[in-house]
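Everything on this sheet refers to the single structure shown next.
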Amino acid sequence: MKAHRKIIVYIATSADGYIARPNGDVEWLNRRPRKFDYGMTSFYRTIDTILWGRKTYDWVLSYHKKKGQKEGMFDRKVNNYVFSKKPPKRTALGVEFVSEPVKAFAQRLRAKPGKHIWMMGGGELIASFLDAGEIDEFDIHVIPNFIGEGIPLMAPRHRDIVLRLLSTKKYPDGVVEVRYEVAR
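Just remember that our numbering sits 57 ahead of the position in the sequence shown, which is counted from 1.
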């Protein structure tokens with residue numbers, strides 16, 4: 058039997074449920090001491106594809122530009138897909154823009170052989186995939202910071218989706234990893 062390619066939201070949130078400040082800034086994450094990688098190295102070995110929302114893509118380009126870095130920040134060893142109704146004329150190296158419906162794209166991607174798929178986000182894209190029934194797991198790292206306002210883990214809509222707890226892990230710095238699968 059062919060292995061099922063999972064679409065996994067692997068993300069950090071503030072303790073009050075935000076993935077970024079209202080303007081997309083995540084500097085509150087970068088201030089944390091870098092003592093742990095919170096399983097990122099292990100997780101990264103299990104994926105070969107990353108899904109990006111357009112706002113997240115634009116924020117990454119802007120962030121790296123401010124730091125004086127070239128646009129080669131997208132790992133070209135994995136497939137990077139950015140969802141946008143209006144792709145730019147010029148794209149960063151290693152990135153492909155997608156404007157087709159989420160469900161059709163996800164089903165086509167899952168049909169190809171490969172590793173799991175990382176749903177990077179942001180909140181609008183996560184919501185779109187969740188509402189289309191195309192997210193398998195959430196691996197959420199809850200950072201012990203309240204930031205008060207920002208971009209929620211997913212765009213608010215009326216939904217009632219049951220999750221099943223897969224595991225929890227507590228890190229010495231207070232970060233808690235919570236893994237859920239989406240109940241089907």
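We put the beta carbon where it would ideally sit given N, CA and C, even for glycine.
Please classify residue i: does DSSP put it in a helix, a strand, or coil?
| i | result |
| --- | --- |
| residue 236 | strand |
| residue 122 | helix |
| residue 63 | coil |
| residue 193 | coil |
| residue 181 | helix |
| residue 58 | Residue placement at residue 58 is poorly supported in this model, since its pLDDT is 41, which falls under 50; the coordinates still yield a value, given next. Note: residue 58 maps to coil in three-state DSSP. |
| residue 80 | coil |
| residue 72 | coil |
If you draw a straight line from the C-alpha of residue i to the C-alpha of residue j, how long is it?
| i | j | result |
| --- | --- | --- |
| residue 218 | residue 168 | 24 Å |
| residue 191 | residue 199 | 23 Å |
| residue 226 | residue 69 | 14 Å |
| residue 173 | residue 104 | 4 Å |
Might you give, ordered along the chain, the residues of its own chain that have their beta carbon closer than 6 Å to the beta carbon of residue i, omitting 5 neighbours on each side?
| i | result |
| --- | --- |
| residue 137 | 107, 131, 151 and 152 |
| residue 182 | 110 and 140 |
Give the range of the beta strand (DSSP E) segment to which residue i is assigned.
| i | result |
| --- | --- |
| residue 141 | Premise fails: residue 141 is in no beta strand (DSSP E) and is neither H nor E. |
| residue 223 | 220–227 |
In its own chain, which residues sit with a C-beta less than 7 Å from the C-beta of residue i, not counting the 5 before and 5 after it?
| i | result |
| --- | --- |
| residue 184 | 211, 212 and 214 |
| residue 58 | Since pLDDT at residue 58 reaches only 41, below the 50 mark, its modelled position is unreliable, and no value is offered. |
| residue 221 | 237, 238 and 240 |
| residue 72 | 199, 200, 201, 202 and 203 |
Please report the residue range of the alpha helix (DSSP H) in which residue i lies.
| i | result |
| --- | --- |
| residue 99 | 97–101 |
| residue 166 | 159–168 |
Under 8 Å Cβ to Cβ from residue i, same chain only, skipping five residues before and after it: list those, please.
| i | result |
| --- | --- |
| residue 144 | 154 and 156 |
| residue 63 | 173, 174, 193 and 194 |
Looking at C-beta atoms only, is the number of pairs between the region 223–235 and the region 91–102 that lie closer than 8 Å three or more?
-> Look at the beta carbons and you see the region 223–235 touching the region 91–102: at least three pairs across the two are nearer than 8 Å.
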